[in-house]
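Notes follow the structure.
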Amino acid sequence: VRTTNEGGKEMKSIKKPLVLTAIIIVLLCLLAVGASAYDGTEYGSTGMYYKISNGEVTITDANNDIVTANIPESIDEYPVTSIDYFAFRDCTRLTSVTIPNSVTSIGDSAFSGCQFSEIKIGNGVESIGKNAFSGIKAVPELYYAGSETEWSKVSLDSTNEFLQRANMHYNADISHKHSGYNETVTK
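So the sequence shown is numbered by this note's numbering: it starts at 4 and just counts up by one.
Structure follows, in structure tokens:
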């Protein structure tokens, strides 16, 4: 379509660029509405999200209203080996977590701001990041699948003083809540 201005000069049509711009804006809006605010793929309807990389699973995120987190040993036949930094941060309703033996690392601030009454940690954990369990007010029960000697070898810095105040239970069977484990309790 060709148009002229008051002086009779021919002007270029601006309809095509406007239509293309409108289409692009609509598509971007549709993508934004369909996109998840969480990082990764949801694991069933658990409220936990994960990513698979190099044949290993990392728990990356969680819904803020999650109450119990039973992290699986594996997802789609890949071992769950890590919990990402900030994965459960500020999940203030989270009172219980089970971290399986397959997990070797817990990232910085992974559980900061949660309000645990019970924490179960597998004996595969080798490192717990800075402030991983900071901001927790109550002193919970901490069940560890390994021995006290194994726990002393976990890389744990001073920002996780909360874990040092927990009521420790060593050699715990973390798969069953309070039955069938041979425990040693130490404070």
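Where is the CB? At the ideal position from N, CA and C, for every residue including glycine.
Coil, strand or helix - residue i by DSSP
{"i": "ALA40", "result": "Here ALA40 scores only 48 on pLDDT, less than 50, and its place in the model should not be relied on; the value that follows carries that caveat. If DSSP states are grouped into helix, strand and coil, ALA40 belongs with coil."}
{"i": "ASN174", "result": "coil"}
{"i": "THR61", "result": "strand"}
{"i": "THR84", "result": "strand"}
{"i": "SER56", "result": "strand"}
{"i": "SER48", "result": "coil"}
{"i": "SER108", "result": "strand"}
Buried versus exposed call for residue i [16 or more other C-beta atoms within 10 Å across all chains shown]
{"i": "GLY50", "result": "buried"}
{"i": "LYS123", "result": "buried"}
{"i": "THR63", "result": "buried"}
{"i": "ASN163", "result": "buried"}
{"i": "THR84", "result": "buried"}
Range of the contiguous beta strand (DSSP E) that encloses residue i
{"i": "GLU76", "result": "Taken as a continuous stretch (DSSP letters only), GLU76 belongs to no beta strand (DSSP E), as it is neither H nor E."}
Range of the contiguous alpha helix (DSSP H) that encloses residue i
{"i": "ARG96", "result": "Where ARG96 is concerned, there is no enclosing alpha helix (DSSP H), given that its DSSP letter is neither H nor E."}
{"i": "PHE165", "result": "164-168"}
Inter-residue CB distance, residue i and residue j (contact presumed, cutoff 8 angstroms)
{"i": "ILE177", "j": "ALA148", "result": "5 angstroms"}
{"i": "SER112", "j": "ALA135", "result": "6 angstroms"}
{"i": "TYR53", "j": "VAL60", "result": "5 angstroms"}
Proximity test, residue i beta-carbon vs the ligand GDP heavy atom, cut-off 6 angstroms
{"i": "GLU59", "result": "Questions concerning the ligand GDP fall outside what the structure shown contains, since it holds no ligand whatsoever."}
**Prompt:** Enumerated in chain order, which unbroken segments of the alpha helix (DSSP H) with a length of 4 residues or greater are wholly contained in the region 117-159?
**Reply:** Within the region 117-159, the complete alpha helix (DSSP H) runs of at least 4 residues are 151-155.
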